[in-house]
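Residue numbers (full-length UniProt numbering): 1 to 371.
Where is the CB? At the ideal position from N, CA and C, for every residue including glycine.
Before any comments, here is the structure.
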Amino acid sequence: MSANALLEPTTEISQELHKNVVKDQSSTSFVSRLKGKNKKLQTQSVNTYLQFWNDSKNNNEESRAAKHKTLTNTYYNLVTDFYEYGWGESFHFSRRSIGETHRESTRRHEHLLFSSARITSGMKVLDVGCGVGGPARECIRFTGAHVTGLNNNDYQIQRANIYAAKYKQQDNSAFVKGDFMDMPFADNSFDAVYAIEATCHAPVLKGVYSQMYRVLKPGGYFAIYEWCLTDKFDPSSELHKKLVLDIEHGDGIAKLFSTDVALQAAKDAGFEIEVVSDIAHETTMGNEVPWYTYLDVGRLSFKGLQGFARSHIGRKFTFGAVKTLETFRIAPKGTAKVQTVLTTAADSLVDGGRLEIFTPMYLIVGRKPLN
């Protein structure tokens, strides 16, 4: 494989990359998972991802959009273990009230979306871009519905199935490998569909929203939290443009779209829009603590392992630890670069949040017409 060639994250590559981790169910610690990777493929995957941001051929929006599946799948092959280490099972932000724990605010944020989608017991529900299945499992607990999680990343599907067995939810869930721009489901298959900070990876929002519309039954509800640029984003500002590019770079996104583009895409897909709100910036009860506080927890945090991992010192410690593991050939070469990418993401998200040019929770709720 030449230095500039992209390693396509096929099912076979993913299985070989993560084979020892998936095979050994006792590999639950962050270090043991890094140790279990195929070192050659991990290094090639790091190089592939960085080409989308450093290589003269691929470092542009057009290339990232055209190769969005390679971009996003490679990203999640690299960062999923880091996400679970720092975030747990639900990879998303949430509104937070004073005195509320991270886990409590995560659940409340998910419950709001489930309620907005009118999900009730016995329904067949689709979670689009389900990650390792954290929100899907919470939806099952909260509503009693059956949830199908759709994800195009093989490793995250494997992780989701491991968790489903752990929590004895196999009969209430299914995790399906598939492209959300071309979903492997029949028309009118689901009673409700939702997505939590996942469809931002689509090269065109109308494409994924139209697929959600197609598989939703007439009369069913669609509810999403979308990552968007707000109307405070100034395209003539070099600072704003750099922060947005850093968010895209740090989070495996081909291109971020504005709230206006997202709303119009939902309308163009056919939904009758009932609720639209940038709830990240609502000044309401239960939203007193900024959503980006999770990434801006000060120089040091002792609020559990995940709190420490997200703190400034925790991120430096993680980088140093991973670099040491690389030096002793325990972790694959290039793993520390993954931590650097995630630090870029954290810093730019905090700055974008403070400037209010970015929101990770633009709420859109729509209904598919009966006719």
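Sorted by chain position, which residues of the same chain lie with C-beta nearer than 7 Å to residue i's C-beta, five sequence neighbours on each side aside?
i, result
"residue 373", "Because the chain spans 1 through 371 in this model, residue 373 falls outside it and cannot be assessed."
"Ser121", "Thr143, Gly144 and Ala145"
"Val79", "Val338 and Leu342"
"Ser14", "Asn77, Asp154 and Tyr155"
"Thr11", "Asp154"
"Leu370", "Pro218 and Gly219"
"Pro332", "Lys37, Lys39, Gln42 and Thr43"
"Ser26", "Only weak support exists for where Ser26 lies, its pLDDT of 49 falling under 50; the value from the coordinates is given anyway. Excluding residues within five positions, none has a Cβ falling inside 7 Å."
"Glu138", "Arg107 and Glu110"
From the DSSP secondary-structure annotation, give me the bridge partner or partners of residue i.
i, result
"Asn151", "Lys177"
"Ile224", "Ala195 and Ile364"
"Thr284", "In the DSSP output, where bridge partners are listed per residue, Thr284 has none listed."
"Lys39", "None; Lys39 has no bridge partner."
"Val244", "For Val244, which the question treats as bridged, DSSP gives no partner whatsoever."
"Ser258", "Leu229"
"Glu274", "The partner list for Glu274 (beta bridge, DSSP) is empty, contrary to what the question assumes."
"Thr359", "Cys228"
"His146", "Lys124"
"Phe190", "Leu216"
"Val289", "Arg96"
Going along the chain, which residues of its own chain have a beta-carbon closer than 6 Å to the beta-carbon of residue i, five neighbours each way excluded?
i, result
"Arg96", "Ser105 and Val289"
"Pro184", "Gly178"
"Thr359", "Cys228, Thr230, Asp278 and Ala280"
"Ile157", "Asn151, Phe175 and Lys177"
"Thr48", "Leu6, Leu7 and Thr74"
"Phe302", "With a pLDDT of only 43 at Phe302, under 50, the local geometry of the prediction cannot be trusted, and the value read off the model is given with reservation. So no residue of the chain qualifies."
"Arg214", "Asp187"
"Pro9", "Asn73, Thr74 and Asn77"
"Thr340", "none"
"Pro20", "As written in the sequence, residue 20 is Asn, which differs from the Pro given in the question. Cβ within range, chain order: Gly36."
Report back the beta-carbon spacing between residue i and residue j to the nearest angstrom; my notes put them in contact at under 8 Å.
i, j, result
"Ile247", "Leu256", "7 Å"
"Ala117", "Ala192", "4 Å"
"residue 401", "Met361", "Because residue 401 is not part of the residues shown, which for the chain are 1 to 371, the question remains open."
"Ser348", "Leu243", "5 Å"
"His92", "Glu197", "4 Å"
"Gly207", "Glu272", "No, Gly207 and Glu272 are not in contact; Cβ-Cβ is about 20 Å, not under 8 Å."
"Phe190", "Leu113", "About 15 Å; that fails the 8 Å criterion."
"Leu34", "Leu295", "Actually they do not touch by this definition, with Cβ atoms about 22 Å apart."
"Thr322", "Ala336", "Note that residue 322 corresponds to Val in the displayed sequence, not to Thr. 5 Å between Cβ atoms; contact."
"Ala165", "Gly133", "Contact doesn't hold; Cβ gap of about 11 Å is too wide."
"Ala43", "Gly334", "Ala is not the amino acid found at residue 43; the sequence shown has Thr there. Sure, about 5 Å apart at Cβ, within 8 Å."
"Phe233", "Ile357", "4 Å"
"Trp291", "Gly352", "So it is not a contact: roughly 11 Å between Cβ atoms."
"Val275", "Ala195", "Their Cβ separation, rounded to whole angstroms, is 15 Å, which puts Val275 and Ala195 out of contact at 8 Å."
So, at 8 Å on beta carbons, what are the nonlocal neighbours of residue i in its own chain, with the 5 sequence-adjacent residues on each side left out?
i, result
"Thr293", "Arg96"
"Gly304", "Only weak support exists for where Gly304 lies, its pLDDT of 44 falling under 50; the value from the coordinates is given anyway. Counting only Cβ-Cβ distances below 8 Å, and skipping sequence neighbours, we find nothing."
"Gly270", "Ser210, Tyr213, Lys368 and Pro369"
"Arg103", "Gly88"
Based on Cα-Cα distance, which residue from the options lies nearest to residue i?
i, options, result
"Cys130", "Ile224, Ile357, Asp268 and Asn47", "Ile224"
"Gln169", "Leu50, Pro203, Cys200 and Thr148", "Thr148"
"Asn151", "Ala202, Arg141, Asn172 and Lys166", "Ala202"
"Gly219", "Gly286, Ile119 and Asp251", "Ile119"
"Thr344", "Asn60, Asn287 and Leu245", "Leu245"
"Ala266", "Ser63, Asn161 and Leu363", "Leu363"
"Phe222", "Lys19, Leu41, Lys40 and Ser115", "Ser115"
"Glu100", "Leu355, Glu356, Met285 and Ile330", "Met285"
"Val31", "Lys368, Glu84, Glu138 and Glu16", "Glu84"
"Ser29", "Glu274, Gly88 and Val276", "Gly88"
"Asn60", "Leu17, Tyr194, Asn20 and His249", "His249"
"Phe180", "Lys124, Ile98 and Met212", "Met212"
"Gln264", "Val204, Arg159 and Ser236", "Val204"
"residue 428", "Asp182, Gln51, His68 and Asp81", "In this structure the chain extends from 1 to 371, so residue 428 is not present and cannot be described."
"Leu216", "Arg329, Ala269, Lys368 and Asn54", "Lys368"
"Asn287", "Asn58, Arg108 and Ser45", "Arg108"
"residue 447", "Glu16, Val21, Asp260 and Arg64", "The requested residue 447 is not part of the displayed model; the chain covers only 1 to 371."
"Leu355", "Ser237, Arg103 and Ile330", "Ser237"
Scan the stretch 59-114 and note each continuous alpha helix (DSSP H) run of 4 residues or more that stays entirely inside, going in chain order.
61-66 and 68-87
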